[in-house]
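Protein chains in written order, with my numbering: chain H, 61 to 287; chain E, 61 to 287; chain X, 61 to 287; chain Z, 61 to 287; chain Y, 61 to 287; chain S, 61 to 287.
Just so you know, even glycine gets a beta-carbon here, dropped at the ideal spot from N, CA and C.
6 protein chains.
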Amino acid sequence: MLARLGFDAVTLDMQHGFHSTESVLRGIAGVALAGKPAIVRIPVGRFDMASRALDMGAAAVIAPMINDVDDARAFAAATKFPPLGERSWGPHRAMQLSRHGDVSTFMRTADRETLSFAMIETRKAFDRLNDILDVDGIDGVFVGPADFSIAWSEGAKVDPRLEEMMPAIEAIASAAKKSGKLAALYAADPGLVGRYRQMGYGLVATGSDTESLVLGATSLLERAKAE
Amino acid sequence: MLARLGFDAVTLDMQHGFHSTESVLRGIAGVALAGKPAIVRIPVGRFDMASRALDMGAAAVIAPMINDVDDARAFAAATKFPPLGERSWGPHRAMQLSRHGDVSTFMRTADRETLSFAMIETRKAFDRLNDILDVDGIDGVFVGPADFSIAWSEGAKVDPRLEEMMPAIEAIASAAKKSGKLAALYAADPGLVGRYRQMGYGLVATGSDTESLVLGATSLLERAKAE
Amino acid sequence: MLARLGFDAVTLDMQHGFHSTESVLRGIAGVALAGKPAIVRIPVGRFDMASRALDMGAAAVIAPMINDVDDARAFAAATKFPPLGERSWGPHRAMQLSRHGDVSTFMRTADRETLSFAMIETRKAFDRLNDILDVDGIDGVFVGPADFSIAWSEGAKVDPRLEEMMPAIEAIASAAKKSGKLAALYAADPGLVGRYRQMGYGLVATGSDTESLVLGATSLLERAKAE
Amino acid sequence: MLARLGFDAVTLDMQHGFHSTESVLRGIAGVALAGKPAIVRIPVGRFDMASRALDMGAAAVIAPMINDVDDARAFAAATKFPPLGERSWGPHRAMQLSRHGDVSTFMRTADRETLSFAMIETRKAFDRLNDILDVDGIDGVFVGPADFSIAWSEGAKVDPRLEEMMPAIEAIASAAKKSGKLAALYAADPGLVGRYRQMGYGLVATGSDTESLVLGATSLLERAKAE
Amino acid sequence: MLARLGFDAVTLDMQHGFHSTESVLRGIAGVALAGKPAIVRIPVGRFDMASRALDMGAAAVIAPMINDVDDARAFAAATKFPPLGERSWGPHRAMQLSRHGDVSTFMRTADRETLSFAMIETRKAFDRLNDILDVDGIDGVFVGPADFSIAWSEGAKVDPRLEEMMPAIEAIASAAKKSGKLAALYAADPGLVGRYRQMGYGLVATGSDTESLVLGATSLLERAKAE
Amino acid sequence: MLARLGFDAVTLDMQHGFHSTESVLRGIAGVALAGKPAIVRIPVGRFDMASRALDMGAAAVIAPMINDVDDARAFAAATKFPPLGERSWGPHRAMQLSRHGDVSTFMRTADRETLSFAMIETRKAFDRLNDILDVDGIDGVFVGPADFSIAWSEGAKVDPRLEEMMPAIEAIASAAKKSGKLAALYAADPGLVGRYRQMGYGLVATGSDTESLVLGATSLLERAKAE
Ligand SMILES: [Mg+2]
Ligand SMILES: [Mg+2]
Ligand SMILES: [Mg+2]
Ligand SMILES: [Mg+2]
Ligand SMILES: [Mg+2]
Ligand SMILES: [Mg+2]
């Protein structure tokens, strides 16, 4: 029944899914205790939840609609401790799930061991991509092809396979690579995974569930941490 | 027992009532499946919940304390798809409840079929009324007479029947009419419903319940959609 | 968008769906305030929730797996006030939603105005059908064809359209009619609605939603109350 | 940070932990999507939750305080489909998580692929151990040493390491083995794991978390399913 | 604003109020940390919640509709440790809130320091009163005058002030006193408090709140523990 | 067991603890009904929850990371009625818990009887301390020594006892005193309470619980209200 051992991460989606504060705070532990990274996608602008998700032991946070440098900075501020950001101290659950017993050690390594992904899904974000990538504390970008297709077609269509936008999507991966950051993406169509990987996307999320949990290949996360 | 068939909509109140993310995400479906519009009043500034409410099938969202054009634009951005706004794609539940099976059709009609009401309840908002009404994506204004009375009396009283403010309340309906937008209002005192309708208010909410659900006459919503 | 006005009731499913105590207590009001009967299907044997659902304003309760007279009596005890049953007094929310302002009047009419449906979905229940129907306080039976098909095929199949069981399903409607009780049924296949109605089923639930809310035609509930 | 890949299962504890219906229904998916078995410990006598946990995709259910054959039969009835038990059909989420696309195939294999553990933690249960083990549908026993020590000391002590009870604990593993069922146990003291394994316990749960999630070695579950 | 210092306990009502498992598990700590006893009224027959409430730090549990000796024994079994009852070990939160650091000491004193109240609210219960009072582990009886009035009037009225039942209510206090157990009661009408105290009721609950929290004078609880 | 009568307030922590909207809305009443002030610490920037906490009857709200005058003004706006702030009218639960029956009286006194604490926990906040203290509607400052130590050590350590920052912490109390506002602080180490009191801190919170509820001495709150 549970022949799913190939999956590498679980995303708890608070943007479009049914997850609430309650279910995310609880759900992270289940995934983490199962030995996999728990990733939380916060609602638009809810950077308070980004901090809380990390306190509870999330391995990564995805913030939708990071459209300019101010958005990116606010997101990084909420997810990285000073001096990099302004994350407040209180990672009670995360420490229990961690291998770092000492508080100062935990704090100094937390910024590196958890990842902040900025979603790039509008033309505005695309235009400011390099500036967003330059923000300290942003570990990578995450492309949302459905929203990107709406933006690219100026509201005419929702089509995560929209051919016209593919060069732009490839350009995002290249820019990320150049700036030494991660490139990730949701692939609604599993048939596109190979193509996205060729473009340079290290983390390609492919699954989805009625409760809006999404599975992703995290080999790239591991690599990032190892560096 | 259920001789309430005259009521036309149910508002789930997250601003002053007991509703949480969880109960709103679940409660919308119950109302929608009962064949009535589910309306959600979000907490002040929580535009992330405006998007989520629409994703879950809400027919309208009411945003309290829209006091200037920036507030109005942020609200419209969260509730309307591009190019009008910046609403992110993910209306899984809303599509199941909808009659539009095709995603692109759903998207193109969603902005018209769901309504965004900006609450006008401070002097500041009153002073900027026309600018707020001019914001694309704001479908109507909603007057909160209790807060308006506090503002009008400069903090001296809470009195939703305050006579001195009635000319201003009438002016709001007129301004809405002139700009081709909807005018709605909570009527704490059912005896005032007739007067408000004469002022030009199409949607007058009258009931309330310990769980802070509010009933409104939605004939006006239907009319808006028909246009 | 909300062209669903033909639907007549909403069932909040706690047996197989995602509903919890919290979401049911809240969700009932939304449906009731929309002017439609809220029906709650409780988990197997959770008669405490049957009482609570009625306290909160449910119009009917469906109890799964009522397999003998003891089950039926326990269910009736939880849903009907003395002397008929042992329902405890505390219908705070139900009274607010009701048209009966006086507590004693409310209590005396509540047993008649809310309905208790016993699910018949095993061979054991079928064998004891007349005894179950004879229990005072059981207002009707509700057939679950999926479970009934498992029982009828002795665990070989799940098939709500199983032809071999149709005579038994028809016999249930006849027995209900003879005892002056209601006959209801979930029709997974809308194509079977006509056939079930011909068998004598007054309430045929047909819809379903990912959150496990189910729609039913309640004309029969209205009739029952009018008698 | 997440170097916990050696763990094999996650238990969501509703008996003594903070888990509620809501958090369990949601939490199971997170664990299952992480590729590990989600196990739910239900509150005493709450067999309705045993069924719901399986509907949501739990791989196993642990029922505390199974003290006699009636308890064991009621538990098995709730967790196994007919003709073995009386589990009701509705595994919507479990099917999505499963590899069996066809409903009848899913049903026929579900009883074998999910496990029902009866907790043996009183003298009464110990005295009736063989009868409990003989109940069809009970896949194994699960020893709770803390409660067992209270019982064994007649209420004098709580001591999960109580030496006097160790022969009885060993006898439980032997009896399980003889009847071809699984033997599992919570080991509060990791130092005792080896000793328990020598006694014949295949699944020894060892971890615990403030939210009462417990980790176990599930190699035995896999073996059970393979047979 | 908070001039309520005279109140002595807070009851979280799961029978007729809005409380769920979630809100009770959380709410107990708030009351206990405020230095007052948290009392939980469970739903009818939900003895699993009685145990969980004590695990979380409740000072007392009230079980409605304890109508015979079997009900009383099942309630006592869930709330008292062996050898008196069958309460399972796991009082993690209660121990944190307690002054007993050692587990065995905590366990041996817990039965005495927490109270189990059986609600007497039907004629059947009244007829078996002495037998119920004789059950070890039942610390007192709690009268529900609203339900008792329905029973006494054979379903004719709900009237917590019903004069005809007053001699019976007085007899309950006398019987409790004779058996050395506590007598408690909800007084819907504060004007009756003096009369109830004269009858011998030590704990008379008088307040109520829309969220169904009830306040009671607990001087009697303190006395019970001091003995 | 409940010898905790010396404690004076209960803080429900939504920043780093497990509390959600749901549990806070419910939990406030339990604490308030126990006769103690309920204090809510909101997540960073979630001023919507500050308003809701007061609507539900909280006696005080603590806002973390108030780093400049804009933050302070936004916080005061959410917690004080006009003309002081922009708090919206809807204190249904707070009025039930209050001694002020008349709405206008309640409104006019609410701003004085509930307290807004701005957390000072960064260098930026320290540099702007006097400006923050000057904001009308900010009743006091609350020092978070863990975050302050991270800021003071420029991210090198988390140490709430950091000696180097103690002069700054003393300066905060002095500044508060000079501006006629309250000074409060969390003391992770109870041994430091005396020292903090000597510095001029009136409210020193000392306890903590796994659910992140924190106890504080509220003598200072009472004094503030009496003035
Ligand atoms: Mg997107
Ligand atoms: Mg308002
Ligand atoms: Mg069924
Ligand atoms: Mg146990
Ligand atoms: Mg009662
Ligand atoms: Mg802090």
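Beta-carbon proximity of residue i to residue j, cut-off 9 Å
| i | j | result |
| --- | --- | --- |
| Phe-78/H | Arg-112/Z | no |
| Ala-123/X | Phe-166/X | no |
| Ala-211/E | Asp-128/E | no |
| Ala-119/X | Pro-143/X | no |
| Gly-204/X | Ser-239/Z | no |
| Tyr-256/E | Ala-206/E | no |
| Ile-88/S | Gly-117/S | yes |
| Met-125/Y | Val-84/Y | no |
| Leu-242/X | Gly-262/X | yes |
Backbone CA spacing between residue i and residue j [nearest angstrom]
| i | j | result |
| --- | --- | --- |
| Val-264/Y | Ala-233/Y | 12 Å |
| Ile-180/Z | Asp-130/Z | 14 Å |
| Gly-161/Y | Pro-220/Z | 17 Å |
| Leu-114/X | Val-201/H | 50 Å |
| Phe-107/H | Thr-139/S | 21 Å |
| Asp-73/H | Gly-150/E | 11 Å |
| Asp-249/S | His-152/H | 17 Å |
| Ala-236/S | Leu-189/H | 44 Å |
| Lys-217/Y | Arg-133/X | 23 Å |
| Gln-258/S | Ala-69/S | 21 Å |
| Arg-183/H | Ala-228/S | 46 Å |
As assigned by DSSP and simplified to three states, the class of residue i
| i | result |
| --- | --- |
| Tyr-256/X | helix |
| Ala-228/Y | helix |
| Ala-118/Y | coil |
| Arg-106/Y | coil |
| Ser-148/S | coil |
| Gly-251/H | helix |
| Ser-80/X | coil |
| Ile-198/Z | coil |
| Phe-186/Z | helix |
| Phe-141/Y | coil |
| Ala-178/Y | strand |
| Ala-206/Y | helix |
| Ala-265/Y | strand |
| Leu-245/H | strand |
Per-residue contacts from residue i into chain Z (C-beta, under 7 Å)
| i | result |
| --- | --- |
| Pro-97/X | Here the premise fails: no neighbours, minimum Cβ distance about 22 Å. |
Per-residue contacts from residue i into chain E (C-beta, under 7 Å)
| i | result |
| --- | --- |
| Asp-207/H | Ser-148 and Trp-149 |
| Ser-164/S | Lys-217 and Val-218 |
Chain H residues whose Cβ lies nearer than 8 Å to that of residue i
| i | result |
| --- | --- |
| Leu-222/Z | By Cβ distance, chain H contributes nothing, its closest Cβ being about 28 Å from Leu-222/Z, past 8 Å. |
| Ser-158/E | Residues of chain H passing the Cβ test: none, with the nearest at roughly 14 Å. |
| Ile-210/S | Phe-141, Pro-142, Trp-149 and Met-167 |
Listed by chain order, chain S residues near residue i by CB distance under 7 Å
| i | result |
| --- | --- |
| Gly-31/Y | With chain Y running from 61 to 287 in the structure shown, residue 31/Y is simply not present. |
| Met-226/E | Ordered by position in chain S, no residue passes the 7 Å Cβ test against Met-226/E, which lies about 18 Å from the chain. |
### Task
Identify each residue in the region 128-144 of chain S for which the Cβ-Cβ distance to at least one residue of chain H is less than 9 Å, and report them in chain order.
Cβ proximity to chain H below 9 Å picks out nothing from the region 128-144 of chain S.
### Query
Looking at chain Y, which residues of the region 99-122 of chain X have a Cβ within less than 8 Å of any of its Cβ atoms?
Within the region 99-122 of chain X, the residues whose Cβ lies closer than 8 Å to some Cβ of chain Y are Phe-107, Asp-108, Met-109, Ser-111, Arg-112 and Asp-115, listed in chain order.
### Query
Listed from N- to C-terminal order along the chain, which residues in the region 65-85 of chain Z have their beta-carbon within a distance smaller than 7 Å of any beta-carbon of chain Y?
Those would be Gln-75, His-76, Phe-78, Ser-80, Thr-81 and Glu-82, in chain order.
### Query
Given a limit of 7 Å on CB to CB distance, which residues of the region 173-205 of chain X reach chain E?
Listed by position, the residues of the region 173-205 of chain X near chain E (Cβ gap below 7 Å) are Glu-173.
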